[in-house]
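All remarks here apply to the structure that follows.
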Amino acid sequence: MCEVPTSDEVQQFRSNCPPNVPATFIDFHLEHGAVKMDIESLGSGLVWLWPLRDVLQFSDEYGFDEFAPGLLGIGTDGCGELYAIDIRNDSSGAVGDVPATSLQWADFRPLATTFDGFAETLLNGTPIIEPKS
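Using my numbering, you'd call the opening residue of the sequence shown number 1 and step up by one each time.
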């Protein structure tokens, strides 16, 4: 759909990502890239998955490690909600959203029990095509 990662970006992500990141998350990026989708059933209706090369940096900059350890930020809705994967050792890899203003586990709202389930919901949405500049 957009911004499919290069093989170097994938290798760099794999080398630096936490060990519990679902392989299907990387596979999704390889096939679809950093999607922007309009999905009425999720939050504000917008899901923007960050480009794979930016996931670790953006997750760190938002403070996931400090404020919600065990969550890996993967995207945003553009209206103050962040999408994240539960990467704790005993997790199934649930995907949910959490307000950027609080970024606390208590505010994490599961949207799918696995990344595969989240991806299925995503792919049923309407792609948002950005005009080329």
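By construction, the Cβ of each residue, glycine as well, lies at the ideal position given by its N, Cα and C atoms.
C-alpha of A119 to C-alpha of H29: approximately 10 Å in a straight line.
With 16 or more other Cβ atoms inside 10 Å of its own Cβ, E81 counts as buried. Inter-segment contact for the stretch 5 to 17 and the stretch 42 to 59 is present: three or more beta-carbon pairs are separated by less than 8 Å. At the C-beta level, G93 and F108 stay beyond 8 Å of one another.
Contact check for Y83 against V35 fails: the beta carbons are separated by 8 Å or more. Of the candidates P5, T76, L103, the residue whose Cα lies closest to the Cα of E66 is L103. For G45, the closest C-alpha among the options P22, E9, D97 is that of D97. About 15 Å separates the beta carbon of I26 from that of L122, a gap too long to meet the 8 Å contact definition. A residue is called buried when at least 16 other Cβ atoms come within 10 angstroms of its Cβ; T101 does not meet this threshold and is exposed.
Cβ atoms of E3 and G33 come within 8 Å of each other, at about 4 Å. Shown here for G70: same chain residues with a beta carbon closer than 8 Å to its own, the five before and five after excluded, namely D86, I87, R88, S91, W105 in chain order.
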